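**Q** This note's numbering numbers the first residue of the sequence shown as 19 and each following residue consecutively.
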Amino acid sequence: MKFDVITLFPQMIEQACSHSIIARGIDSGVISVNTINPRDYTKDKHKKVDDTPFGGGAGMVLMCQPYFDAFDALEKDEDSEVILLSPQGEVFNQKLSFELSMKKHIVLVCGHYEGFDERIKQYTKAREVSIGDYVLTGGELPALCMIDSISRNIDGFLGKIDSANFDSFSDGLLEYPQYTKPRVYNGLPVPEILLSGNHMAISQWRRKQQLIVTYKKRKDLFDNFRKNCNNKEDLKLLNEVIKEIKE
Ligand code: ADE
C-alpha cells in the first residue's frame, strides 16, 4: 500500500510516521508514505500557495495552480483512491477503513487555512473525508489518523493476523477489558476466570464483556448489533446482558 500525502507541512507527516508500528510497517515494506509539497510546485515568485477569497471574507484560500501541479506530478492509475481531508466529508469509520485497506494506492490531499479553491476538488475527483464533526487547523492530523487506521487492517502489518480482527468495531462491538500481571495490584484483582486456564469459559466471558461494555458505552452500536445478530450463542448472551443490566 502506497500513501502519497499532498501537504504544506510534510514534516508533520514524516515525523509522525517515524515512530512505533507505522515506522515498522514502512521499514518492512508493507506500506510506504511519501509527501509532496504544493509549495515546491508554485509558479509564484514569492512561493505563494493561497490568496484572498473572491467575493470577500476572512482568511485565505488554497490556490489551484500549486495543487493541480503537485497532483499531476504523482504517478496514479485507475485504482488510485484520491481523498481530500475536509470537515465537510463523509465521516471516517472502521468500515471505510477496511474498504480503503484493499487499495494499493491512496492520495491524501491536506488543506489548511480557510479551505481549498473548490476547483481542486473538481480536478482531483477526490472523495471528501472527515475524521469527525469538529474543525481542525489542517488535514495533516486527519491524514495521519487515516494512514494509521487503514495500515493496521492490511495483512502482514500487525504482528499477529488476529490482532485487528478482535479490535473494537471489527464486528460492531467494543473490545473486552484486558489485564496483565500482577494478579492483584493495589488491592485490585484480575477477574478469576482469566486465571482459570479454561479457554472456552474465557472466550465466553470475553464475548459477554464485549456486549456489556458496548451496551454501557455505546448503546447505538449495541442496538445495531442486536438488530443484525443471528448467531445463537450471541443472542443468548445478548439477552442475558440486557436482563442483568436492567435488574
Ligand atoms: N480538516 C479540518 N478539520 C477536519 C476534519 N474534521 N476532518 C478532516 N479534515 C479536516
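Idealized CB from N, CA, C, for every residue including glycine. On a predicted model such as this, the values are computed, not experimentally measured, just so you know.
Mapping DSSP to helix, strand and coil, what is Arg145?
**A** Strand at Arg145.
**Q** Does Val127 come out as helix, strand or coil in the three-state DSSP assignment?
**A** strand
**Q** May I have a chain-ordered list of the alpha helix (DSSP H) segments no shorter than 4 residues that lie completely inside the segment 23–84?
**A** With a minimum length of 4 residues, the continuous alpha helix (DSSP H) runs that stay inside the segment 23–84 are 28–34 and 38–45.
**Q** Flag this pair as yes or no: are the beta carbons of Ile40 and Ile54 separated by less than 9 Å?
**A** no
**Q** Use the C-beta contact count for Leu253: other C-beta atoms within 10 angstroms, 16 or more gives buried, fewer gives exposed.
**A** exposed
**Q** Any heavy atom of ligand 1 inside 8 Å of the beta-carbon of Leu103?
**A** yes
**Q** Are at least three pairs of beta-carbons, each pair with one atom in the segment 142–157 and one in the segment 97–109, less than 8 Å apart?
**A** yes
**Q** If you run the structure through DSSP and keep just helix, strand and coil, what is Ile172?
**A** coil
**Q** Can you name the start and end residues of the beta strand (DSSP E) that Glu108 belongs to?
**A** Glu99 to Val109
**Q** Counting Cβ pairs, one atom from each stretch, are 3 or more of them under 8 Å apart for the segment 153–163 and the segment 102–117?
**A** yes
**Q** Let me know if Lys139 comes out buried or exposed under the rule of 16 or more other beta-carbons within 10 Å of its beta-carbon.
**A** buried
**Q** With a threshold of 7 Å on Cβ separation, who are the neighbours of Asn171 within its own chain once the five nearest residues in sequence on each side are excluded?
**A** Ser115, Phe116, Ser119 and Ala182
**Q** If you drop the 5 nearest sequence neighbours on each side, which residues of the same chain put their C-beta closer than 6 Å to that of Ala161?
**A** Val23, Leu103, Leu126 and Cys128
**Q** Buried or exposed: Tyr320, going by 16 or more other Cβ atoms within 10 Å of its Cβ?
**A** Not covered by the structure: residue 320. The range shown for the chain is 19 to 265.
**Q** Quick one: give me the first and last residue of the alpha helix (DSSP H) that Gln228 is part of.
**A** His217 to Lys235
**Q** Mind checking who Val202 pairs with in its DSSP beta bridge?
**A** Answer by DSSP bridge pairing, in chain order: Pro207.
**Q** Assess contact between the segment 239–248 and the segment 195–211, defined as three or more Cβ pairs (one per stretch) separated by less than 8 Å. Is contact present?
**A** no
**Q** Residues in the same chain with beta-carbon distance under 6 Å from Gly174, minus the five sequence neighbours each way, listed in chain order, please.
**A** Excluding residues within five positions, the ones whose Cβ falls inside 6 Å are Val48.
**Q** Under 6 Å Cβ to Cβ from Ile168, same chain only, skipping five residues before and after it: list those, please.
**A** Ser115, Leu118 and Ser119
**Q** Buried or exposed: Pro195, going by 16 or more other Cβ atoms within 10 Å of its Cβ?
**A** exposed
**Q** Use the C-beta contact count for Glu158: other C-beta atoms within 10 angstroms, 16 or more gives buried, fewer gives exposed.
**A** Glu158 sits buried, since 16 or more C-beta atoms from the chains shown fall within 10 Å of its C-beta.
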